[in-house]
Structure formats: C-alpha cells, structure tokens
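Chains as they are written, first to last, in the numbering used here: chain W, 6 to 143; chain D, 21 to 281.
Okay, here's the thing in structure tokens:
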C-alpha cells in the first residue's frame, strides 16, 4: 500500500495518467511519449471538460495532463470542477501568455508546459511525479 | 465637451425630409418616417455585419488553432523524437535541422499571433478584464505609451457578444490614440455598478476636432458607436474635461447585458 499523490491510499505501483487533449493527432504523440516511461500508464484520453471531471472524480487518476482549449468546456473549467479530488496537474497547452500561466497556478496546476516548446520536458515531469510517488511513505 | 453624435444626424434627417417633402409633394412627417425606417434598417444591417464578422473571425481562429496548429505542433513533436534518435549527426545536418526547427517555431508563433488578432483567446478563457489588461499592456508597450489601468480585480460576467463588443471598442480607441493622438499617456477605466458597465479611455494627446467626429470617413468611431448601440448603450467621443486629449466613453446597461448573456 502506498499513498497516492492526492493523499488517497493506493495499492498500485503504476502511475495513472489521464490525458485531456482535444486533438487526436497530438494525443497519439503524447501517449507515445508517455509509453516510453516505466510504471506510467495512460488510463484514458478525453477531449472535453465533463469527461475529464468525471474521470477524476470516479477513477483513480494520479496525474492529469491537461490542455486548456477543449472540444467542450476548457482546461480551466476542469481545474475549477475538481473539488477535493487533487491529482497532480500538468498543463500542456499552446496558450502561452503569462496570464494563462498565472491563472493555472492560482487554480492549482503543478506544472505549465508550452506544447510546442516544452514538449520534450513532459516525459521528465511525469517521470519525476512517478518517482515522487514511489518514494512517498507507505 | 463630449458628444454622442446622434443630434446632428436627426437634424439632418429633419431638414432633408422637409426639402424632399417639398420636392415630391408628400408630407414632411411621411418622409421623416421613411428616413427613420431606413436609418434603423441600416443600423440593424451594420450590427448584423459586425456580428457576422466576429463569428467568421472566431471560426477562422478556431480552425487555425485546431487544424493548422495541430499539424505544426505534431510536426514539432515528431522532429523532437527524430532528433533524439540521431546520434552525433553530421554538423551540416545539425545546422539544417536546427534551422528547420526555428522556422517551425516561427510558424507556430505566427499562427498564434494571427489567432490572437482574429479573436483574443483571453476573452473566451479568462474574460473581458483579463483580455483588456493584455490588450492595454501590449498596445502601450509597442507604442511606447505610459498607461494606467483602473479595472476591477474580479472578472465581470458578460455574454460573448457583449465582451467582444466592449473589447473592440477599447481596441479601436487605443488604435486611434496610437495613430492620431500624439499622446504620451493614457488611462483606461472600467466602472461596474448595479445598472451599467462603463468603459473610459482617455489620452493626453492633441484631441479630436468636431469635423472628424462627424466625418463620413470616421469609420472607426462609427463602428464603435454601432457596437455600443447594439448593446442599447451610448458612446461618447470628445475632448477631455480638462480641455486636453480625447475621451472615449462607452456605457452599457447591465440589465441588458445579463439578459442577453
């Protein structure tokens, strides 16, 4: 048994990632990148705010990789709708104005990555979240 | 002295009606009514065209983001993957590779700027106040203007058409200041009360003469006025109260804003 990132008790050793991305083409590439990581599993890919919120509330999500512009709703809507469910949040977006970064941080995002320039850092960020989880006290 | 510009228009209609009535033999009231109906019809057409233009810009921005943006970013991601697979490439290959990546980044940045110009993403994602802060920062920095923003800390709940209309009014006012005013400092203020949202843009420039205010060529001012009229508000443009510079004031009823949200 080990503590999940959101403080809930978990018996899993694999980090569960929810990918929220409205472009199927980009979702494929992000999944491909995350699959290179050991003990990291993308448990679902959704493209809208409601499905994202439902997954976090009902599933065992450790990390959300979250786009801000979605098919319906927005990434900010997802952040506002999380309530007490607080997985680690990695924003991956093309909206790179400082205003977005500030707002995301205010709403609880842990990381903010520019989709086109910081994409190569995504695996490192998710990998470090997995390592932090591994070393959390049982 | 501020003017809404409506008084002169009505006077012109009345004088023209009297002349035309004398010429065609109809009563002055009948001709005035015809003019007024035509004026309302043209006003309605202007509003329709402005709203249609905003819808088309919004659709184009969305398409650029979803389709062109997706393709460019996907290519950048694939190039990052390929670069990791290239062990110690020939310097000439590295040179060309890096150049291609820079070009791709410039294309992504260009696409982003086009989208923000078509439809400011902040407006849809963070609301009018955040979008105005960004617009004022950007415009004044580029033009080397000092500025003061007196905007609410909290966002103001407005509907899409209201938000974009008020954003465009401030955008046009700032554009006029940069092009014509020779100003060194501007103030943008938003006041919210129970009844109205009021936006005020003031500069310390050379001011605006009444000929230009009423000129048929002042499409920018006419466009601002039309946007505000469509929200059942009032727009005034004129010399600031201290006699220097120009003040643009847009005042829009809150009740109507909420009803149409």
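We treat Cβ as the ideally placed atom computed from N, Cα and C, and that holds for glycine. In this text, all values refer to a predicted model and were calculated from it rather than measured experimentally.
Where does the unbroken beta strand (DSSP E) through residue i begin, and where does it stop?
i	result
residue 118 of chain D	Looking at the DSSP string, residue 118 of chain D is not in any beta strand (DSSP E); the run it does join, the alpha helix (DSSP H), is 111-138.
residue 217 of chain D	216-223
residue 169 of chain D	166-170
residue 8 of chain D	Because chain D spans 21 through 281 in this model, residue 8 of chain D falls outside it and cannot be assessed.
residue 75 of chain W	That residue, residue 75 of chain W, is in no beta strand (DSSP E); it is neither H nor E in DSSP.
Using a Cβ-Cβ cutoff of less than 7 angstroms, which residues in the same chain neighbour residue i once the five nearest sequence positions on both sides are dropped?
i	result
residue 88 of chain D	131
residue 115 of chain W	93, 94 and 95
residue 191 of chain D	155
residue 78 of chain W	53, 54 and 55
What are the boundary residues of the alpha helix (DSSP H) that includes residue i?
i	result
residue 68 of chain W	Where residue 68 of chain W is concerned, there is no enclosing alpha helix (DSSP H), although the beta strand (DSSP E) it sits in stretches over 68-71.
residue 248 of chain D	239-250
residue 72 of chain D	48-83
residue 39 of chain W	29-40
residue 46 of chain W	Looking at the DSSP string, residue 46 of chain W is not in any alpha helix (DSSP H); the run it does join, the beta strand (DSSP E), is 45-51.
residue 90 of chain D	89-105
residue 82 of chain W	80-85
Which residues in chain D have a C-beta closer than 8 angstroms to the C-beta of residue i? List them in chain order.
i	result
residue 99 of chain W	85, 89, 93, 128 and 132
residue 104 of chain W	142, 146, 150, 153 and 154
residue 117 of chain W	By Cβ distance, chain D contributes nothing, its closest Cβ being about 14 angstroms from residue 117 of chain W, past 8 angstroms.
residue 73 of chain W	145
residue 31 of chain W	90, 93, 94 and 97
Give me the chain D residues within the contact set of residue i, using Cβ-Cβ distance strictly less than 9 angstroms, ordered along the chain.
i	result
residue 108 of chain W	145, 146 and 150
Report the rounded CA-to-CA distance for residue i versus residue j, giving the unit in angstroms.
i	j	result
residue 44 of chain W	residue 76 of chain W	29 angstroms
residue 68 of chain D	residue 221 of chain D	26 angstroms
residue 123 of chain W	residue 250 of chain D	43 angstroms
residue 183 of chain D	residue 150 of chain D	11 angstroms
residue 97 of chain D	residue 34 of chain W	7 angstroms
Using a C-beta to C-beta distance shorter than 7 angstroms, which residues of chain D count as neighbours of residue i?
i	result
residue 125 of chain W	100
residue 120 of chain W	93
residue 144 of chain W	The shown model of chain W, from 6 to 143, leaves out residue 144 of chain W, and the question about it has no answer.
Name, please, each residue of chain W whose Cβ falls closer than 8 angstroms to the Cβ of residue i.
i	result
residue 173 of chain D	The premise fails here: residue 173 of chain D is roughly 13 angstroms from chain W at the closest Cβ pair, so nothing lies under 8 angstroms.
Which same chain residues, not among the five before or five after residue i, have their C-beta less than 6 angstroms away from its C-beta?
i	result
residue 90 of chain W	61 and 62
Report the neighbours of residue i on chain W: residues whose CB is nearer than 7 angstroms to its CB, in chain order.
i	result
residue 105 of chain D	Simply none; closest approach about 12 angstroms.
Excluding the 5 residues preceding and the 5 following residue i in the sequence, name in chain order all residues of the same chain whose CB lies nearer than 8 angstroms to its CB.
i	result
residue 112 of chain D	none
residue 40 of chain W	47
residue 187 of chain D	140, 143, 148, 151, 152 and 155
residue 68 of chain W	10, 20, 21, 22, 23, 92, 93, 94, 95, 131 and 134
How would you list, in chain order, the residues of chain W whose beta-carbon sits under 9 angstroms from the beta-carbon of residue i?
i	result
residue 3 of chain D	Examination of residue 3 of chain D is not possible in this model, given that chain D is present from 21 through 281 alone.
residue 125 of chain D	121 and 122
Pairs of beta-carbons, one from the segment 124-143 of chain W and one from the segment 103-113 of chain W, closer than 8 angstroms: are there three or more?
no
Taking three-plus beta-carbon pairs below 8 angstroms as touching, is the segment 151-158 of chain D in contact with the segment 106-121 of chain D?
In short, these stretches do not touch, since the Cβ pair count stays below three.
Does the segment 189-207 of chain D come close enough to the segment 215-229 of chain D that 3 or more CB-CB pairs lie under 8 angstroms?
yes
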